[in-house]
Ligand code: UDP
Ligand code: MG
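In the working numbering, the protein residues as written are 1 to 317.
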């Protein structure tokens, strides 16, 4: 196999403090790999500005003007990190490359692991997923919720490796397959795991964020997790049905009991607390199930409208 032309894609949202340094550091890695004859010297970096409100795009333009190996795409507005990565994958597929690595703008992921990614690619892997050695840099809250999310996903049947973020290499072949999936709210971690291509795993260390603060808040993490679940598994819907059945059975038994009580013992209505509790439990469960089904209806709604995943503003090739 020929040595590959590598593209590195970086989603950027308000990353003016990081990207210049990140690009510089990634070129150190790229030049090192070129000197070792592991990648072609036409390898390049592709930055996706996800509708930043700061100077991110100006910096990308400057970097592009001083080095044509820096390419970029600007979104009209913020579409979120998954869309930015997908746009990057599609962008470099159009420009041309043999494999592509996605990495965060804050360089939290150890950039030297890219060499191991390439080694695995040369051994025949179409997908190389980076697995973090630890979550030392994450807060206790993020650690636990992330773990819960991966556990839930695995129980629900979407076998995504825990502690894998979107730091991964994908081959040209995987990019071609991605093109066949028009669904809008694609969850990349689930997707690349599901297509069944030969996958390798590489461990890497996580560093603290280079500068600035995390661009994810509680709500955006919840949205990511919820999309991950509802776009990959219908098991929750089945659970709702099972729960409904159990509840109905329970209601039937309670109903029979009430009738017997009334007919035989004719006891007066002193079950006030019981009825309040029961109506709360049933009402709450129903609302929860309705909300859950609503999430899936929302997925269908978004997909049916078939709006574009993202809107391009400017592209620098
Ligand atoms: N990001 C993005 N769009 C968003 C939010 C984040 O493109 O709406 C990018 C961000 O610039 C970074 C990557 O996604 O390159 C990961 O974000 P961050 O480092 O803030 O997340 P954390 O590491 O805290 O999970
Ligand atoms: Mg980060």
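Note that beta-carbon positions come from the ideal geometry of N, C-alpha and C, so glycine has one too.
Check	Outcome
N- and C-terminal bounds of the beta strand (DSSP E) containing residue 236	Unbroken run through residue 236 is the alpha helix (DSSP H), 235 to 260; no beta strand (DSSP E).
Local conformation of residue 69 per DSSP, three classes	coil
Backbone secondary structure at residue 97 - three-state DSSP	coil
Backbone CA spacing between residue 227 and residue 260 [nearest angstrom]	47 Å
Start and end residues, alpha helix (DSSP H) containing residue 200	Here residue 200 belongs to no alpha helix (DSSP H); instead the beta strand (DSSP E) covers 199 to 204.
Length of the line joining the Cα atoms of residue 304 and residue 264	56 Å
Residue 209 Cβ short of 6 Å to the ligand MG heavy atom set	yes
Proximity test, residue 84 beta-carbon vs the ligand UDP heavy atom, cut-off 6 Å	yes
Under 5 Å, CB to nearest heavy atom of the ligand UDP: contacting residues	11, 12, 13, 15, 50, 80, 81, 84, 104, 105, 106, 214, 215, 216
With 16 other Cβ atoms within 10 Å as the buried cut-off, status of residue 293	exposed
Residue 108 CB to nearest heavy atom of the ligand MG below 6 Å	yes
With 16 other Cβ atoms within 10 Å as the buried cut-off, status of residue 57	buried
Buried versus exposed call for residue 97 [16 or more other C-beta atoms within 10 Å across all chains shown]	buried
Opposing strand residues paired with residue 109 [DSSP bridges]	206
8 Å CB neighbourhood of residue 202 in its chain, flanking five on each side removed	113, 116, 117, 120, 128, 129, 130, 131
Segment contact flag, the stretch 58 to 72 with the stretch 161 to 172, C-beta cutoff 8 Å, min 3 pairs	no
Residue range of the unbroken beta strand (DSSP E) whose run includes residue 48	44 to 49
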